[in-house]
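All remarks here apply to the structure that follows.
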Amino acid sequence: MAGAVETARAQLYASVGRRKLLDRLFVLLGMCILFAALLTLAVLFLNLVHDGAGRFGWDFFTSFPSRIATRAGILSAWVGTSLVMLVTVAVAMPMGVAAAIYLEEYAPKNWVTAIIEINVTNLAGVPSIIYGLLALGLFVYKMSLGESIATAGLTLALLILPIVIVATREALRAVPRSIREAAYALGATQWEVTAHHVLPYSTGGILTGMIIGLSRAIGETAPIITIGALAFIAFLPTPPLSGDFPYVNFTWLSDSFTVMPIQMFNWVSRPDPAFQVNAAAAGAILLGMTLLMNGVAIYVRYRFRKKINW
Amino acid sequence: MKLNNIFAAGSLAVLVAAAVPGIASAADATIKVDGSSTVFPITEAVAEEFQISKRGKVHVTVGIAGTGGGFKKFCRGETDISDASRPITAAEMAACAQAGIKYIELPIAYDALTVVVNPKATWVDQITIAELNKMWSPAAQGVVTQWNQVNSKWPAAKLKLYGPGNDSGTFDYFTEAVNGKQKSSRGDYTASEDDNVLVQGVEADANAMAYFGYAYYAANSSKMKALKVVNSAGQAVLPSEAAVLDGSYNPFSRPLFIYVNAESAKKPDVREFVEFYLTKGASFVKEVKYVPFKAGAYATALAHFKAGRTGTVFNGVPAVGLKVEDLLAREAK
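Line by line, the protein sequences are chains A and B.
If you're matching positions, the first sequence starts at 1 in the working numbering and goes up one per residue.
If you're matching positions, the second sequence starts at 1 in the working numbering and goes up one per residue.
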């Protein structure tokens with residue numbers, strides 16, 4: 001009798017031990033994969049920093065491109081990239097969030113909505129060059145915006161719109177149903193529920209979607225080349241802010257520009273090996289810009305999270 | 001509070017949208033150049049120095065849409081100057097004519113198309129156009145795969161070919177010179193628009209052969225071997241500045257061009273830029289590893305520009321192995 005209990009207990013322990021081992025193995029596997037991903041990024045970044053080491057310096061940020069590798073810098077490229085990203089955020093954020101709110105909170109569940117949803121998801125998989133061609137026809141020629149910062153910003157905004165919409169919807173869905181119901185119970189309208197509760201609580205998720213979208217947009221070359229970004233440009237767009245009234249101007253939107261990936265592409269394909277160093281340095285800086293952008297978004301997200309108490 | 005931020009972003013977007021139609025017509029005193037990436041380093045150097053000499057009062061932008069892409073924009077009147085690594089084609093002439101765009105064709109430098117192999121390929125030092133044709137003709141696709149199929153003195157080693165992609169003017173010129181027809185080439189070779197990929201290919205593989213512009217060979221001459229090319233007079237000639245200038249490196253010496261919109265040429269800034277290009281350009285040409293013409297050729301080109309001689313001397317018919325002096329003496333059509 002006692003022997004049977006002992007055996008059963010031993011079997012139970014063995015079974016628990018086995019399953020716990022499986023548990024630990026999965027954790028180990030997950031960590032290995034995570035480290036492999038992080039290691040790749042780290043190696044890539046360090047490699048770029050190592051190759052481009054000779055070029056990091058104030059001059060590199062404040063010089064225009066040049067035929068002489070050691071004299072060449074990324075001034076027009078990083079300014080161009082920053083301004084294009086500004087337009088992209090300004091367009092993609094409100095449009096993407098509005099579309100997602102409509103689809104998630106307001107849209108009736110019928111076949112029209114279903115078709116829209118499927119297509120939004122499909123759009124996320126369209127190759128970027130297609131967006132470039134669309135933009136060339138629509139923005140450059142039809143709307144005659146020309147080969148400008150506005151065109152590039154709008155193109156990249158279109159490109160990341162599906163990503164923003166999908167991520168925003170996920171974030172809205174994560175808000176507990178009880179929050180909505182509590183607000184309705186207090187007599188809030190649907191707009192009030194959305195604006196006062198759902199949206200603030202999902203800001204973290206929305207920002208995450210925005211980061212993913214912008215990280216993709218900042219490295220795009222193909223659509224930007226299609227709409228006619230330039231390889232050599234040794235002057236800056238009109239500054240968006242000025243000392244005179246009305247302090248803000250929009251002429252920079254119509255200025256020609258170049259962006260970091262194009263500058264890198266141009267340097268990589270030069271015969272003189274000295275330009276490869278420049279390309280590596282520019283690559284490290286582009287990665288740095290992406291990380292900086294992500295860092296800002298993570299900080300904002302953290303601030304928002306702290307304010308939420310359910 | 002949070003929502004206000006979102007509204008602020010929204011109203012910014014509306015502002016952007018409202019401002020956009022108004023800005024499209026903003027005037028700019030910018031000289032726009034686009035076109036061949038082969039010519040780009042020269043134009044970039046000239047633009048850089050020109051802007052310095054004008055103390056930033058005149059802006060020059062240079063794009064790399066490729067020779068064909070550049071002409072598309074040029075014939076729509078979007079650019080003032082088009083960089084071209086080959087003469088304008090009949091189709092492009094028609095497009096320009098239809099849009100009423102007249103242009104001045106100006107040769108600006110020579111490039112020497114260079115055929116290279118790995119330094120370990122000791123069996124080959126020179127090559128004839130006939131042999132190149134055997135390797136690169138469309139008929140060779142899938143058939144000619146070994147070195148000894150081209151020349152029985154060469155080993156039975158696998159023939160690995162590298163070349164530029166078919167958007168490139170270099171590709172157009174090489175196929176015209178070797179296969180007698182532009183863009184007619186075998187397709188089963190490693191193609192890349194980035195010539196450094198071709199350089200790496202030849203560097204890594206003892207059985208590889210590639211062709212590209214001289215500048216890429218000059219920058220990597222320690223890692224590869226340029227082949228002598230047997231010219232029309234039967235001499236085997238290595239690519240060099242002297243051989244290009246005396247015309248003995250044929251048919252692979254090719255002139256590079258800029259095409260200036262005749263209407264733009266009336267603007268003082270554009271005028272000054274082109275004159276700067278033709279008078280001061282030679283030293284920059286050398287710096288970026290191309291071969292400048294003899295001084296006389298630039299003087300003749302400048303005279304043509306000043307006289308406003310529009311049209312092309314090629315009339316849409318591609319030609320190989322031309323010397324710039326002959327080309328400048330031709331009548332433009």
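Where a beta carbon is used, it is the ideal one built from N, C-alpha and C, also for glycine.
Residue i - partner residues in DSSP beta bridges
| i | result |
| --- | --- |
| B:Phe212 | B:Thr114 |
| B:His59 | B:Thr30 |
| B:Leu256 | B:Ala109 |
| B:Ala191 | B:Gly163 |
| A:Phe232 | B:Val62 |
| B:Gln146 | B:Lys158 |
| B:Lys134 | Answer by DSSP bridge pairing: none, since B:Lys134 is not bridged. |
| A:Val248 | A:Leu241 |
Inter-residue Cα distance where the pair is residue i and residue j
| i | j | result |
| --- | --- | --- |
| B:Val324 | A:Met289 | 48 Å |
| B:Ala299 | B:Arg330 | 15 Å |
| A:Thr238 | A:Phe257 | 11 Å |
| A:Arg270 | A:Ile262 | 13 Å |
| B:Ala208 | B:Thr89 | 32 Å |
| A:Leu46 | A:Val84 | 27 Å |
| A:Ala284 | B:Ser37 | 25 Å |
| A:Ser66 | B:Ile31 | 17 Å |
| A:Asn294 | B:Arg86 | 46 Å |
| B:Ala218 | A:Leu103 | 59 Å |
| A:Thr88 | A:Val268 | 27 Å |
| B:Val143 | B:Leu238 | 29 Å |
| A:Val16 | A:Arg180 | 42 Å |
| B:Lys102 | B:Gly311 | 7 Å |
| B:Gln317 | B:Ile42 | Per the sequence presented here, residue 317 of chain B reads as Val, with Gln not at that position. Their backbone Cα atoms lie some 25 Å apart in a straight line. |
| A:Leu39 | B:Ser240 | 47 Å |
| A:Arg24 | A:Leu34 | 15 Å |
| A:Leu29 | A:Leu41 | 19 Å |
| B:Thr279 | B:Ala307 | 16 Å |
| B:Phe71 | B:Thr170 | 16 Å |
| B:Val244 | B:Asp172 | 19 Å |
For residue i, the first and last residue of its enclosing alpha helix (DSSP H)
| i | result |
| --- | --- |
| B:Val230 | Segment 228 to 230 is the beta strand (DSSP E) holding B:Val230; no alpha helix (DSSP H) there. |
| A:Leu133 | 128 to 135 |
| B:Phe171 | 169 to 179 |
| B:Asp326 | 324 to 329 |
| A:Tyr59 | According to the sequence provided, residue 59 of chain A is Asp. The question's Tyr does not apply to it. Per DSSP, A:Asp59 belongs to the alpha helix (DSSP H) from 58 to 62. |
| A:Ala92 | 75 to 101 |
| A:Ser202 | 199 to 218 |
| B:His304 | 295 to 306 |
| A:Leu172 | 149 to 173 |
| B:Gly234 | No alpha helix (DSSP H) holds B:Gly234; DSSP gives it neither H nor E. |
| B:Lys280 | 268 to 287 |
| B:Tyr290 | B:Tyr290 -> no alpha helix (DSSP H), and no H or E assigned at all. |
| A:Ile262 | 260 to 268 |
| A:Pro223 | 222 to 226 |
| A:Met143 | A:Met143 -> no alpha helix (DSSP H), and no H or E assigned at all. |
Nonlocal neighbours in the same chain, by C-beta distance under 6 Å from residue i, ignoring five residues either side
| i | result |
| --- | --- |
| B:Thr63 | The residue asked about is misnamed: residue 63 of chain B is Gly in this sequence, not Thr. Answer for B:Gly63: Asp34, listed in chain order. |
| A:Arg71 | none |
| A:Ser215 | Thr290 |
| A:Ala92 | Ala157, Ile160, Leu161, Val164 |
| A:Gly204 | Arg301, Phe304, Arg305 |
| B:Val270 | Ile31, Asp80, Ser264 |
| A:Ala183 | Val193, His197 |
Cutoff 7 Å; reference residue i; Cβ partners in own chain excluding five residues on either side
| i | result |
| --- | --- |
| B:Cys73 | The question names Cys, but residue 73 of chain B is Lys in the sequence shown. These residues qualify, in order along the chain: Asp34, Ala65, Thr79. |
| B:Ala45 | Phe284, Glu287, Val288 |
| B:Asn133 | Val178, Asn179 |
| A:Asp255 | Ser148, Ile149, Pro237, Thr238 |
Chain-order list of residues whose beta-carbon lies under 8 Å from that of residue i (same chain, five-residue window excluded)
| i | result |
| --- | --- |
| A:Thr208 | Ala167, Ala171, Ala297, Arg301 |
| A:Val175 | His197, Val198, Tyr201, Ser202 |
| A:Thr226 | Ile129, Gly132, Leu133, Ala135, Leu136 |
| B:Glu131 | Val150, Asn151 |
| A:Leu75 | Phe61, Thr62, Ser63, Phe64, Leu236 |
| B:Gln51 | Val58, His59, Val60 |
| A:Gly73 | Asp59, Phe60, Phe61, Thr62, Ser63, Phe64, Pro65, Ser66 |
heavy atom of the ligand NAP below 7 Å from residue i C-beta
| i | result |
| --- | --- |
| A:Leu207 | Summarising the ligand content, the structure contains no ligands, and the ligand NAP is consequently not present. |
Range covered by the beta strand (DSSP E) that runs through residue i
| i | result |
| --- | --- |
| B:Ile81 | 81 to 84 |
Test: residue i CB closer than 8 Å to a CB of chain E
| i | result |
| --- | --- |
| A:Val259 | Reference to chain E is not applicable here, since the protein chains of this structure are A and B. |
Is it true that the region 168 to 181 of chain B meets the region 217 to 229 of chain B, where meeting means three or more beta-carbon pairs spaced less than 8 Å apart? no
Any contact between the region 93 to 109 of chain B and the region 253 to 260 of chain B? By contact I mean 3 or more CB pairs, one from each, below 8 Å. yes
For the region 208 to 217 of chain B against the region 111 to 123 of chain B, do three or more pairs of beta-carbon atoms, one drawn from each stretch, fall closer than 8 Å, so that the two count as touching? yes
Between the region 185 to 198 of chain B and the region 155 to 174 of chain B, are three or more C-beta pairs nearer than 8 Å? yes
Three or more C-beta pairs under 8 Å: does that hold for the region 99 to 116 of chain A against the region 218 to 234 of chain A? no
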